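If you're matching positions, the sequence shown starts at 1024 in this note's numbering and goes up one per residue. Scroll down for the structure; my scribbles are underneath it.
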Amino acid sequence: MPKPKSPERPLVLANWKMNLSVAESQTLARSLVRGLAAFKKPNFELGLCPTYPALPAVAKVLQAKKVALGAQDLFWKPVGPYTGEVSPAVLRELGVTYVIVGHSERRQYLKETDAMVHQKVLAALAEGLTPVLCVGETFAERQSGQKDIVVARQVSAALQGVVLPKGANLVVAYEPVWVIGSGQAVDPAEARHTAQVVRQSIVDMLGAATVDSRVRIIYGGSVDPSNISTFVNQSPLSGVLVGGASLEPKRFLALLRQL
Ligand code: PGA
1024 MPKPKSPERP
1034 LVLANWKMNL
1044 SVAESQTLAR
1054 SLVRGLAAFK
1064 KPNFELGLCP
1074 TYPALPAVAK
1084 VLQAKKVALG
1094 AQDLFWKPVG
1104 PYTGEVSPAV
1114 LRELGVTYVI
1124 VGHSERRQYL
1134 KETDAMVHQK
1144 VLAALAEGLT
1154 PVLCVGETFA
1164 ERQSGQKDIV
1174 VARQVSAALQ
1184 GVVLPKGANL
1194 VVAYEPVWVI
1204 GSGQAVDPAE
1214 ARHTAQVVRQ
1224 SIVDMLGAAT
1234 VDSRVRIIYG
1244 GSVDPSNIST
1254 FVNQSPLSGV
1264 LVGGASLEPK
1274 RFLALLRQL
């Protein structure tokens, strides 16, 4: 009989968005690394996603520190005349492991479409980066009973025809758009239900065996020290994407101490 898979350590990704300067990002990374030294055996995997220009400075702080570096976006072409965009290869060069793709703020303010998100997922995987695909419904979609349909549609549009290359992993973050930055997370039971819808959509695309071994589903939206424990180790959820509560070292370390 094969041994049952031991439960994974939850994944915690900090999304600093456009909130910090380069110097502030580096200072925050330093404070976190210092604070983490007091953790006997961290019971989580941690990744920090600073603003693009802060990636090198934060990478330096994280060197050999068992904390992963993440980016908040990428472009879908490897190289060429795409003014203002950042290549997946450059992110790789900077030491990036995780890359957030299709965050609702990009869908809203930059008009990112499902088709673009799909291209970005493919580009990240082709470069050996782990995409953190964000999906989630707006308040209007939820009110009109479309929540499950919307998230299932976003997942299948993003993963259409995707084959995970050998050794590649995928993270899918369920983030109800109306909850992000609101200070009030969704009811954990509802988050689990929607995460289950997300999981089933991924299973339909990639198969159950791949999903079990190489895909993580995490929750994002007003996660803080008081509610984090209700979102991790709650199958199918195995981690969180944290915005506001990751910006202040004391608060973020308090959040991590809950794990
Ligand atoms: P929040 O942001 O934790 O501030 O709600 C989460 C996110 O947008 O990823």
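Cβ atoms here follow ideal geometry from the backbone N, Cα and C, with glycine treated the same way. Keep in mind the model is a prediction, meaning the values are calculated, not measured.
Considering only their Cβ atoms, is the gap separating residue j from residue i smaller than 9 Å?
i: L1229; j: V1185; result: yes
i: P1188; j: R1215; result: no
i: Y1197; j: V1234; result: no
i: G1070; j: L1034; result: yes
i: A1052; j: V1090; result: yes
i: S1249; j: E1031; result: no
i: L1278; j: V1246; result: yes
i: V1195; j: L1152; result: no
i: T1161; j: W1201; result: yes
i: A1082; j: V1140; result: no
i: L1156; j: G1125; result: yes
i: I1240; j: V1255; result: no
i: N1066; j: L1282; result: yes
Among all the DSSP beta bridges, which residues are the ones paired with residue i?
i: Y1197; result: V1158 and Y1242
i: I1123; result: V1155
i: G1262; result: L1034
i: G1093; result: Y1121
i: Q1257; result: L1260
i: E1068; result: L1034
If you compare alpha carbons, which of the options is closest to residue i?
i: Q1207; options: V1090, H1126, I1251 and L1043; result: I1251
i: P1079; options: V1119, L1034 and E1271; result: V1119
i: L1264; options: R1176, P1104, Q1166 and P1154; result: P1154
i: Q1177; options: R1032, T1106 and T1217; result: T1217
i: E1213; options: V1238, G1159, A1180 and R1237; result: G1159
i: N1192; options: V1238, Q1142, V1200 and C1157; result: V1238
i: L1117; options: E1135, V1140, G1093 and G1125; result: G1093
i: A1112; options: A1077, A1149, V1200 and Q1095; result: A1149
i: K1100; options: G1125, Q1142 and G1244; result: Q1142
i: L1145; options: L1043, Q1131 and D1096; result: D1096
i: A1046; options: P1199, Y1075 and R1130; result: Y1075
i: D1210; options: G1244, Q1169, V1124 and A1232; result: G1244
i: R1280; options: E1164, C1157, A1061 and Q1131; result: A1061
i: Q1086; options: Y1105, V1056, T1106 and F1098; result: V1056
i: S1054; options: T1136, V1084 and R1165; result: V1084
i: S1205; options: D1227, A1268, R1165 and A1231; result: A1268
i: A1037; options: Y1105, K1064, Q1257 and E1068; result: E1068
i: G1190; options: S1236, V1221, N1256 and Y1105; result: S1236
i: Q1183; options: D1137, N1066 and P1065; result: D1137
i: A1163; options: R1129, P1199 and F1098; result: P1199
i: Q1257; options: Q1219, K1063 and D1227; result: Q1219
Is it buried or exposed for residue i, if we count other Cβ within 10 angstroms and need 16 for buried?
i: V1102; result: exposed
i: K1088; result: exposed
i: K1273; result: exposed
i: Y1242; result: buried
i: E1271; result: exposed
i: I1225; result: buried
i: P1025; result: With a pLDDT of 45 at P1025, under the threshold of 50, the modelled position of that residue is not reliable, and the figure given next carries that caveat. Exposed is the call here.
i: K1040; result: buried
i: Q1049; result: buried
i: P1073; result: buried
i: S1127; result: buried
i: K1134; result: exposed
i: I1203; result: buried
i: G1266; result: buried
i: G1168; result: exposed
i: A1077; result: buried
i: K1170; result: buried
i: P1104; result: exposed
i: A1147; result: buried
i: I1172; result: exposed
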